[in-house]
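Notes to accompany the following structure.
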Amino acid sequence: MRPVNGGARPARQARVSAEMWSTLFGLAYLVMMTNLMLIVGTLPLLALLITTDPRRSWPALALAAVIAAPALTAAFSVFHAHQVERSSQVAIQFWRGWRRHLWRSLAAGAVVVAGAVMIGADLVFLAGSAAGAILSPVLVITFVVMVVTALLVLVAGVERPDARLRDVIKASAYLGVRRWHLTLFTLGVLLALGLLLTVSPAIALGVAAAPLLYAVWGNCRYTLRPVLHPVAAVS
Numbered sequence: 119m120r121p122v123n124g125g126a127r128p129a130r131q132a133r134v135s136a137e138m139w140s141t142l143f144g145l146a147y148l149v150m151m152t153n154l155m156l157i158v159g160t161l162p163l164l165a166l167l168i169t170t171d172p173r174r175s176w177p178a179l180a181l182a183a184v185i186a187a188p189a190l191t192a193a194f195s196v197f198h199a200h201q202v203e204r205s206s207q208v209a210i211q212f213w214r215g216w217r218r219h220l221w222r223s224l225a226a227g228a229v230v231v232a233g234a235v236m237i238g239a240d241l242v243f244l245a246g247s248a249a250g251a252i253l254s255p256v257l258v259i260t261f262v263v264m265v266v267t268a269l270l271v272l273v274a275g276v277e278r279p280d281a282r283l284r285d286v287i288k289a290s291a292y293l294g295v296r297r298w299h300l301t302l303f304t305l306g307v308l309l310a311l312g313l314l315l316t317v318s319p320a321i322a323l324g325v326a327a328a329p330l331l332y333a334v335w336g337n338c339r340y341t342l343r344p345v346l347h348p349v350a351a352v353s
């Protein structure tokens, strides 16, 4: 007669169920805590967006946007620690990444914000002119390349903190243009987050920010794959 082992399957199912719930709770904690840390890290920018008219307060908004840049890098650090190191210490990883990449993040944010101000002023000046019809698309594309390059620089700094900044900038600019289809996806996700933030700030900040930024981080990592993992890319 074949032995009957009636308790093996329920025990296995219970173990799988416990692991599944643990994973779900871990992901929920990652999303909620990352969103909370992002709110804290970008509080000056959020306060200005809520309480002021951007058309009049744009100099303060520009400064606050630069100050908010390290929070974005800190979120990327959280995602890296969760994916690569299996770390669940969201708050610790966030502020550790914020401090470690502070100056590079501020520099990248300052370059993007300065570029946005100058290109915006040029677009306003050229509006309605024949030169504007020719130069405006060039200026917009230039700004898009700046944004994507800055994002890739931030992600590369988290993934390869030992790399030289000059090499990181060159690789980020090249791969951002070369792998344009991935760049379009990144821009689409950022645009979706921006629109959601405009329409429903509570949902954007409380629910959607971390998942959408996780998608941005993962896509940027894949864009940078030839330099982050050159052997795998060649294979």
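Numbering follows the working numbering, in which position 6 of the sequence shown is assigned residue number 124; successive positions increment by one, without gaps. Cβ coordinates follow ideal geometry from the N, Cα and C atoms, glycine included.
Membership of ASP285 in the alpha helix (DSSP H) is indicated by the continuous run 283 to 296. Separation of the CB atoms of LEU283 and ARG217 is rounded to 18 angstroms, and the pair is thereby denied contact status at 8 angstroms.
Between the alpha carbons of GLY275 and GLU203 lies a gap of roughly 16 angstroms. By the Cβ rule, the stretch 143 to 150 does not count as touching the stretch 165 to 175, because fewer than three pairs are nearer than 8 angstroms. Where ARG343 is concerned, the enclosing alpha helix (DSSP H) starts and stops at 343 to 346.
Per the coordinates, the alpha-carbon of GLU277 lies some 10 angstroms from the alpha-carbon of LEU270. The three-state reading of DSSP puts GLN207 in coil, since its state is none of H, G, I, E or B.
With at least 16 other beta carbons inside 10 angstroms of its own, MET264 counts as buried. Short of 7 angstroms from the beta carbon of ALA182, and not among the five residues preceding or following it, lie these beta carbons of its own chain, in chain order: PRO162, LEU163 and LEU166. Under the DSSP assignment, ARG278 falls outside any alpha helix (DSSP H); it carries neither an H nor an E label.
When secondary structure is reduced to three states using DSSP, HIS200 falls in the helix class. In terms of CA proximity to VAL295, VAL266 leads the group VAL307, VAL266, LEU314 and ILE157. If you ignore the 5 residues before and after GLN211, its C-beta comes within less than 7 angstroms of the C-beta of SER195, VAL196, ALA199 and SER205, all in its own chain and listed in chain order. DSSP places GLY233 inside the alpha helix (DSSP H), whose first and last residues are 220 to 244. In this structure, GLY215 sits away from ALA186, with a CB-CB distance that is not shorter than 9 angstroms. Proximity to LEU190 across ARG173, SER175 and GLY159 peaks at GLY159, based on C-alpha coordinates. Going by beta carbons, LEU311 and LEU330 fall inside the 9 angstroms limit. Of the other Cβ atoms in all chains shown, 16 or more fall within 10 Å of the Cβ of THR301; this residue is therefore buried.
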